[in-house]
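Data block below; observations after.
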Amino acid sequence: MRTLLLLRISILLLILPCLILLISVCKPPVLQSVKKTLPVMNVQYINPSHELNSLFARLQRAKDEVEVKAIQSQIWQIWMSSGTADIDALMEKGNQSMTQGNYEEAIHIFSKITRKLPEFAEGWNKRATAYYLKGEYSASLQDIERTLSLENRHFGAISGLASVYLAMGEYRAALKALEKVLEICPNQPGLQEQVRELYLRLGMSKA
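One point on numbering: in the UniProt record's numbering, the residue at position 140 of the sequence shown is 140, and numbering is uninterrupted.
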């Protein structure tokens, strides 16, 4: 039991800097306060897939850390924008609640978004984050799955998946998630080294 606990702690300490780096790099821009709101009846989310495809292609080729962060920031700006002032205002409010540690309130707000605009992936992703921070891992996993069904390249959601699996002690599943992030962003700063070290800690070999 003690050996298992020490292994769990060592792996968490190993991967924590990597996850912090991912969160800092992938941190979405702060939305400006919305003074005017639009009706949410019959709202449709228009996914800018062409622009995203171009950015993800650039992300695959990006070598410089500054370039990687800049491209990821552009992707986050697209993901965070619902195209509707009402929804964007709710996103800002939910993020504020989550930052303040009011996870139940954040979940309630993000749930409004998922009901009003279910095809908006970031609503599900943000609720998944709130569930994770509240310790409700099963609910978080369900929302991550929904996020990825709408945007399977969502490196933020996949990084969140790794965080959930680590919290659950599912280290191999966490490793698989981090490797998926590398497929999307092969030059994510520091991640290759962290993944390689995690292989060693788990007694596995990496080609």
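All C-beta atoms in this analysis are idealised placements derived from N, C-alpha and C, irrespective of residue type, glycine included.
Query	Result
Element boundaries [alpha helix (DSSP H), containing E51]	S49 to R61
Check whether L182 and A162 have beta carbons under 8 Å apart	no
Beta strand (DSSP E) runs wholly inside the UniProt repeat "TPR" (155 to 188), at least 3 long, in chain order	none
Collapsed DSSP secondary structure at S202 in the structure displayed	Looking at the sequence provided, one finds Leu at residue 202 rather than Ser. Of the three classes helix, strand and coil, the one that applies to L202 here is coil, per DSSP.
Buried or exposed (CB count within 10 angstroms, at least 16 for buried), A121	buried
Selected residue, minimal CA-CA separation from S111, among N95, F56, T99 and G190	N95
Range covered by the alpha helix (DSSP H) that runs through L141	Y137 to L150
Local Cβ density within 10 Å of E65, reported as buried at 16 or more and exposed below that	exposed
Pairwise C-alpha distance: E197 and H204	The sequence given here places Met at residue 204; His does not occur at that position. Using only the alpha carbons, I get a separation of about 10 Å.
Coarse secondary structure for F110, derived from DSSP in three states	helix
Validate contact between the segment 149 to 169 and the segment 129 to 141 using beta carbons, cut 8 Å, 3 pairs	yes
Residues near Y103 in its chain [Cβ-Cβ closer than 7 Å; skip 5 each side]	A130, L133 and K134
Presumed contact (8 Å Cβ cut-off) between A157 and S140, rounded CB distance	Not quite, the Cβ-Cβ distance comes to about 10 Å (not below 8 Å), so this is no contact.
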